[in-house]
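Working notes, structure below.
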Amino acid sequence: MARQPKAQMAVGSPTAPPVRSAPAASQPSEHPAVAWIQARQRAIGLAAGLVLLVGLVTWYMVESGRRKQAQAGDALDRARAQIETGNYPQASTELQRVVQTYGGTDAALEATLALNQVRLLSGQAQLAVDELRKFANSNPPAPYNSAAHSHLGIALEAVGKPAEAAAEYQKAADLATEDYRKIDALLNVARVQRAAGNDKAAVEVLESVVKRFQAELAGVVEAKVRLAELTGGRS
């Protein structure tokens, strides 16, 4: 009896061996830093925009401040020109405008001092005293505060108060940031004390100037001359 040929098994039949599919190509793994940036892309964009905005605002403020200082300086120069010509009313008006318009600038501080100089020149010593006290009490930077007390000393002398004037000159010396300004204020203290007949106090101040500061400074030379006058050359 002849053998029957074996039936060929159909691919995919339950009895056919499983067909292995080709392995899929492996995908490259994503770097953690890249994933972090992608997840926070919007936040990073907002932060970058904020940094740019802050930079622009800072630049604008610096530039505006620079322009304000320049404009204030020009206005102050115009007011000083009026003082030099003796036009005190116009100088006073322009100086007040500098103070009001450019508050916070060095020019405004200088204008305040110049304004009170104009008041002294115009015979308004008591007004200068009152306004300089206010200015000094506002605690301006040391150089301006020193100048305020020095100007106040001049104003107090003008209204006949030498003892108070001497005290203000002493404050000016204490606040001064340069030696020559300290010496100038102390010379004023000695001068006022001498004018008031208090030679002993004047001698003490002059001796302190000679001892504290370098001999080659002009103010020290003047102190030595005044001291010799008061002591008959004994010091």
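Numbering (this note's numbering), first residue to last: 23 to 257.
Think of the CB as a built atom: it goes at the ideal place given N, C-alpha and C, for glycine as much as any other residue.
> Are at least three pairs of beta-carbons, each pair with one atom in the region 152 to 159 and one in the region 108 to 128, less than 8 Å apart?
Replying inline: no
Check your understanding: Using DSSP with H/G/I as helix, E/B as strand and the rest coil, what is S48?
Key -> By one-based count along the sequence shown, residue 48 stands at place 26. Confidence at S48 is low in this model, with a pLDDT of 48, below 50, so the placement of that residue is unreliable and no value is reported for it.
query = Using the rule of at least 16 other Cβ atoms within 10 Å of the residue's Cβ for burial, across every protein chain shown, is K233 buried or exposed?
reply = Here residue 233 corresponds to residue number 211 of the sequence shown, with the count starting at 1. Exposed, because fewer than 16 other Cβ atoms sit within 10 Å of the Cβ of K233.
Status (buried if at least 16 other CB within 10 Å, exposed otherwise) for A44: Indexing the sequence shown from 1 puts residue 44 at position 22. Unreliable positioning characterises A44 in this predicted model, as indicated by a pLDDT of 47, which lies under 50. A coordinate reading is not provided.
Does the distance from the CB of L252 to the CB of R216 come in under 8 Å? In the sequence shown, counting from the first residue as 1, residue 252 sits at position 230. In the sequence shown, counting from the first residue as 1, residue 216 sits at position 194. Contact flag set, yes.
Checklist entry - In chain order, what residues of the same chain lie with their CB nearer than 8 Å to the CB of S48, ignoring the 5 residues before and after it? => result Here residue 48 is taken as the residue at index 26 of the sequence shown, counted from 1. Any reading at S48 is ruled out, since the residue's pLDDT is 48, under 50, leaving its predicted position unreliable.
Answer yes or no: does any C-beta atom of chain D fall closer than 8 Å to that of A189?
Protein chains in the displayed structure number just one, and chain D is not present.
Practice prompt. Look at E186 and H171 and say whether their C-beta atoms are less than 8 Å apart.
Written response: Translated into the one-based positions of the sequence shown, residue 186 becomes position 164. Translated into the one-based positions of the sequence shown, residue 171 becomes position 149. No, the pair does not count as a contact, with Cβ atoms beyond the cut-off.
| field | Residue range of the alpha helix (DSSP H) that includes F235 | value | What you label residue 235 is simply residue 213 of the sequence shown in a count that begins at 1. It is not in any alpha helix (DSSP H) - F235 carries neither H nor E in the DSSP assignment.
- Query: Going by C-alpha distance, which of A97, A103, E106, G108 is nearest S118?
  - Reply: Numbered from 1 along the sequence shown, position 96 holds the residue referred to as residue 118. According to the sequence provided, residue 118 is Gln. The question's Ser does not apply to it. Comparing Cα-Cα distances from Q118 to each of A97, A103, E106, G108, the minimum goes to A97.
Worksheet entry | Straight-line Cα distance separating V214 from R203 | As a position in the sequence shown, residue 203 is number 181, starting the count at 1. As a position in the sequence shown, residue 214 is number 192, starting the count at 1. C-alpha separation (whole angstroms): 17 Å.
Would you identify the three-state DSSP class for V181, choosing helix, strand or coil?
Taking the sequence shown and counting its residues from 1, one reaches residue 181 at position 159. Coil.
Tell me the residue span of the alpha helix (DSSP H) that contains G241. Looking up residue 241 in the sequence shown gives position 219. Here the alpha helix (DSSP H) through G241 covers 240 to 253.
task: Specify the secondary structure class of N167 as computed by DSSP and reduced to three states.
output: Here the question's residue 167 lines up with position 145 in the sequence shown. N167 falls in the helix class under three-state DSSP.
Exercise for the section: Alpha carbon to alpha carbon, how far is N220 from A177? Give it in angstroms, no decimals. Expected result: As a position in the sequence shown, residue 177 is number 155, starting the count at 1. As a position in the sequence shown, residue 220 is number 198, starting the count at 1. When rounded, the distance between both Cα atoms is 20 Å.
Beta-carbon within less than 7 Å of L143's beta-carbon, same chain only, minus the 5 sequence neighbours each way: which residues are those? In the sequence shown, counting from the first residue as 1, residue 143 sits at position 121. Only Y110 meet the Cβ criterion.
task: Go ahead and label V243 buried or exposed: buried means 16 or more other beta carbons lie within 10 angstroms of its beta carbon, across all protein chains shown.
output: For this step, residue 243 is matched to residue 221 along the sequence shown. It counts as exposed.
Practice task
Report the residue from A237, A245, K183, H173 whose alpha carbon sits nearest the alpha carbon of L208.
Solution key: Here residue 208 is taken as the residue at index 186 of the sequence shown, counted from 1. Selected option, being the one with the closest Cα: A245.
Go to Q146, then tell me how far its alpha helix (DSSP H) extends in each direction, as first and last residue.
Position 124 of the sequence shown holds residue 146. First-last for Q146: undefined, no H or E at that position.
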